[in-house]
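**Q** Just so you know, the sequence shown maps onto residues 342 to 448 in my numbering.
Cβ coordinates follow ideal geometry from the N, Cα and C atoms, glycine included.
Being a predicted model, the structure only gives us computed values, none of them experimental.
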Amino acid sequence: MTVFYHDKEVRVWEISKDKELPEWVQQCFDNNSMVWYDNKLKVLVKAINPSSKRDVKLGLLDTALGYYGGGFVMGNVGDIFDSTNGRIISKKNFLNHYDIRKVDCKN
342 MTVFYHDKEV RVWEISKDKE LPEWVQQCFD NNSMVWYDNK LKVLVKAINP
392 SSKRDVKLGL LDTALGYYGG GFVMGNVGDI FDSTNGRIIS KKNFLNHYDI
442 RKVDCKN
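1) Which first and last residues belong to the beta strand (DSSP E) in which Gly417 is found?
2) Could you please give the first and the last residue of the uninterrupted alpha helix (DSSP H) stretch that includes Lys433?
3) Using DSSP with H/G/I as helix, E/B as strand and the rest coil, what is Asp371?
4) Is Lys381 near Asn417, with beta carbons less than 8 Å apart?
5) Let me know the secondary structure DSSP gives Glu364 once reduced to three states.
6) In terms of alpha-carbon separation, which member of Ile421, Lys433, Glu361 lies closest to Val384?
7) Could you check which residue in Asp440, Arg442, Ile430 has the C-alpha nearest to that of Glu355?
8) Distance, Cα to Cα, Glu361 vs Trp377?
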């Protein structure tokens, strides 16, 4: 299965505590870029998929809100983490705005 957002391929994960983790998600947990707080997931987006444009946007927002060292997003079990765009969205928004395509395996 391949997922697209605005015709660009993206890497996503449905946040879950009981399903097998993709390798890239396990690596994020191993290096503490993702951490569980009860049933909430805290993600350090800057460490997973660096983007200078997004970092400037988050940095300005952090400064305006009085945060220090931001770049974190929080999600609940069942939400979708889009690591390519560095955001967490609800499953409903994911189904409405993302394009899921099955990959043809021709041998």
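**A** Walking through what the data contain:
1) The residue given as residue 417 occupies position 76 in the sequence shown. The amino acid at residue 417 is misidentified as Gly; the sequence shows Asn. 413-417 is the extent of the beta strand (DSSP E) around Asn417.
2) Counting from one through the sequence shown, the residue named residue 433 turns up at place 92. Taken as a continuous stretch (DSSP letters only), the alpha helix (DSSP H) holding Lys433 covers 432-438.
3) Counting from one through the sequence shown, the residue named residue 371 turns up at place 30. In the structure shown, Asp371 sits in a helix (DSSP, three-state: H, G or I).
4) The sequence position of residue 381 within the sequence shown is 40, counting from 1. The sequence position of residue 417 within the sequence shown is 76, counting from 1. A contact, by the Cβ cut-off of 8 Å.
5) Here residue 364 refers to the residue found at position 23 of the sequence shown. Note: Glu364 maps to helix in three-state DSSP.
6) Translated into positions along the sequence shown, residue 384 becomes position 43. Ranking Ile421, Lys433, Glu361 by Cα distance to Val384 puts Ile421 first.
7) The residue given as residue 355 occupies position 14 in the sequence shown. Checking every option, the nearest Cα to that of Glu355 belongs to Ile430.
8) Taking the first residue of the sequence shown as 1, we reach residue 361 at position 20. Taking the first residue of the sequence shown as 1, we reach residue 377 at position 36. Between Glu361 and Trp377, the C-alpha separation is close to 16 Å.
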